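Each step along the sequence shown adds one to the number in full-length UniProt numbering, with nothing skipped, and position 196 is 196. Every residue gets a Cβ at the ideal spot worked out from N, C-alpha and C, and that includes glycine. As the structure is a computational prediction, the values presented were derived from the model and not from experiment.
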Amino acid sequence: MSDRITPNPQAKHHSHPFHQSPSNSQNIQDVGSSSSHPNPTHASHHNNYTDGNPLAHSSSSPSARNAAFAGYLEPGLYTPKKTKLGNPAPLGLSAFALTTFVLSLINLQTRGVTTQNLVVAVAFGYGGLVQLLAGMWEIAAGNTFGATALASYGGFWISFAILLTPGGFQIAEAYAGQGNKLELAIGFYLMGWFIFTFLLWLLTLRSTVVFSALFFFLWLAFLMLGIAHLVTPNPTSPTAAAVPNVPLTKAGGLFGLLAAFLAWYVAFAGIADASNSFFTVPVWHFPWSERGREMRRGEEGKDV
1 MSDRITPNPQ
11 AKHHSHPFHQ
21 SPSNSQNIQD
31 VGSSSSHPNP
41 THASHHNNYT
51 DGNPLAHSSS
61 SPSARNAAFA
71 GYLEPGLYTP
81 KKTKLGNPAP
91 LGLSAFALTT
101 FVLSLINLQT
111 RGVTTQNLVV
121 AVAFGYGGLV
131 QLLAGMWEIA
141 AGNTFGATAL
151 ASYGGFWISF
161 AILLTPGGFQ
171 IAEAYAGQGN
181 KLELAIGFYL
191 MGWFIFTFLL
201 WLLTLRSTVV
211 FSALFFFLWL
221 AFLMLGIAHL
231 VTPNPTSPTA
241 AAVPNVPLTK
251 AGGLFGLLAA
261 FLAWYVAFAG
271 IADASNSFFT
281 VPVWHFPWSE
291 RGREMRRGEE
301 GKDV
């Protein structure tokens with residue numbers, strides 16, 4: 001999220017329809033100088049007005065005042081105080097972690113649960129919508145990697161929820177009577193996400209061990225699940241459902257579960273500080289990363 005555009009303090013004042021003529025300006029200044037200002041704030045505002053006229057200020061001033069009702073979409077003459085933008089990454093990571101956690105447990109067939117339809121609610125409401133919003137906020141924060149990752153995986157969860165929604169865009173119905181073709185198409189879809197995640201993982205190799213491990217296990221999960229669908233055999237009868245390879249699906253569930261826990265870990269590391277926690281968690285910077293080199297130089301300086 002970009003900063004508010006501010007006027008150039010070096011620019012010259014421009015004429016204003018309410019600007020006083022030189023003679024009138026002098027009269028106003030004389031009146032202003034002869035009057036007393038028991039309120040110092042009022043006196044400060046008066047002195048900052050151009051020629052004493054509160055509507056005659058120019059937009060080139062570095063003060064908090066705006067050009068009257070123009071340029072800033074503000075209904076008043078004064079801008080509100082700037083607020084500090086929070087870190088949206090933990091929110092996006094938490095949304096990703098919970099949704100991945102639920103789906104991975106189902107892929108592992110935990111307690112005999114194999115139907116994935118419950119994921120629809122979580123994928124639409126949390127992993128999809130909330131993570132997509134976090135990605136948009138990362139754009140405003142100037143974090144290109146975070147915006148690309150969070151917004152993309154938010155889109156992944158929304159699209160995956162559409163696949164699981166009964167009657168959703170008639171996707172499953174379009175493959176009716178075609179044997180394993182739906183599972184093969186889902187395999188293509190998952191392999192595309194494997195490639196995307198692998199590329200993101202390459203960009204984490206100069207960050208931290210935990211952050212890089214998150215994307216490492218995630219691309220492994222996509223790879224296992226993609227292959228599981230691509231090797232789906234044709235059903236033995238026209239009425240039977242095609243089932244993806246079970247061992248590979250469970251392997252994908254295991255790697256997805258590890259990615260979910262790491263996402264929660266990274267989210268906690270991004271939230272915990274002295275203001276809200278009695279402890280922080282390590283993230284282990286790679287020794288070849290910029291932060292790792294700084295830490296190593298600091299340790300060498302202590303030994304001297």
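Top-ranked residue by Cα proximity to residue i, from the options
i: Ala-213; options: Leu-182, Tyr-265 and His-229; result: Tyr-265
i: Gly-128; options: Gly-226, Pro-233, Phe-96 and Gly-187; result: Phe-96
i: Thr-236; options: Asn-180, Thr-100 and Val-122; result: Asn-180
i: Trp-288; options: Val-119, Leu-205, Ala-263 and Asn-143; result: Leu-205
i: Lys-84; options: Thr-232, Val-113, Ala-140 and Val-130; result: Ala-140
i: Phe-222; options: Thr-249, Phe-279 and Thr-239; result: Thr-249
i: Ala-263; options: Phe-124, Ala-185, Ala-147 and Val-210; result: Val-210
i: Leu-258; options: Leu-91, Leu-103 and Ala-89; result: Leu-103
i: Ala-134; options: Arg-111, Phe-124 and Gly-154; result: Gly-154
i: Ala-151; options: Gln-131, Gln-170, Leu-164 and Leu-163; result: Gln-131
i: Ala-267; options: Thr-280, Phe-255 and His-229; result: Thr-280
i: Pro-90; options: Trp-137, Thr-165 and Leu-203; result: Trp-137
i: Leu-105; options: Gly-298, Pro-282 and Ala-260; result: Ala-260
i: Ala-242; options: Phe-286, Pro-282, Ala-172 and Gly-298; result: Ala-172
Run of the alpha helix (DSSP H) containing residue i, from where it starts to where it stops
i: Asn-107; result: 89-107
i: His-229; result: 209-230
i: Val-113; result: Element bounds for Val-113: n/a, residue is neither H nor E.
i: Gln-131; result: 129-141
i: Pro-233; result: Premise fails: Pro-233 is in no alpha helix (DSSP H) and is neither H nor E.
i: Phe-124; result: Segment: none, Phe-124 is in no alpha helix (DSSP H) and carries neither H nor E.
i: Val-281; result: Element bounds for Val-281: n/a, residue is neither H nor E.
i: Lys-181; result: 181-202
i: Lys-82; result: Element bounds for Lys-82: n/a, residue is neither H nor E.
i: residue 345; result: Residue 345 is absent from the model: the chain starts at 1 and stops at 304.
i: Ser-159; result: 144-164
Through-space distance from residue j to residue i, alpha-carbon basis
i: Ser-36; j: Lys-82; result: Per-residue confidence for Ser-36 stands at a pLDDT of 45, beneath the threshold of 50, marking its modelled position as unreliable; no derived number is given.
i: Thr-208; j: Trp-284; result: 6 Å
i: Asn-87; j: Ala-274; result: 16 Å
i: Gly-167; j: Ala-161; result: 12 Å
i: Ala-121; j: Phe-156; result: 14 Å
i: Ala-251; j: Phe-217; result: 11 Å
i: Met-295; j: Gly-226; result: 40 Å
i: Gly-187; j: Tyr-126; result: 24 Å
i: Thr-197; j: Trp-219; result: 5 Å
i: Leu-118; j: Ile-195; result: 27 Å
i: Leu-239; j: Ala-272; result: Reading off the sequence, residue 239 comes out as Thr, not Leu. About 53 Å.
i: Ser-159; j: Trp-193; result: 12 Å
i: Phe-124; j: Leu-108; result: 22 Å
i: Ala-185; j: Leu-230; result: 8 Å
i: Val-113; j: Gln-178; result: 26 Å
i: Gly-270; j: Leu-163; result: 32 Å
i: Asn-276; j: Gly-292; result: 26 Å
i: Glu-183; j: Gln-116; result: 14 Å
i: Ala-176; j: Phe-169; result: 14 Å
Own chain partners of residue i with C-beta closer than 6 Å, once the 5 adjacent residues on each side are dropped
i: Asn-143; result: none
Same chain, Cβ closer than 7 Å to residue i, neighbours up to 5 away in sequence not counted
i: Leu-200; result: Ala-149 and Phe-215
i: Met-191; result: Gly-226
Other residues of its chain near residue i: CB distance less than 8 Å, five sequence neighbours each side excluded
i: Met-224; result: Leu-248, Thr-249, Ala-251, Gly-252 and Phe-255
i: Glu-290; result: Arg-206
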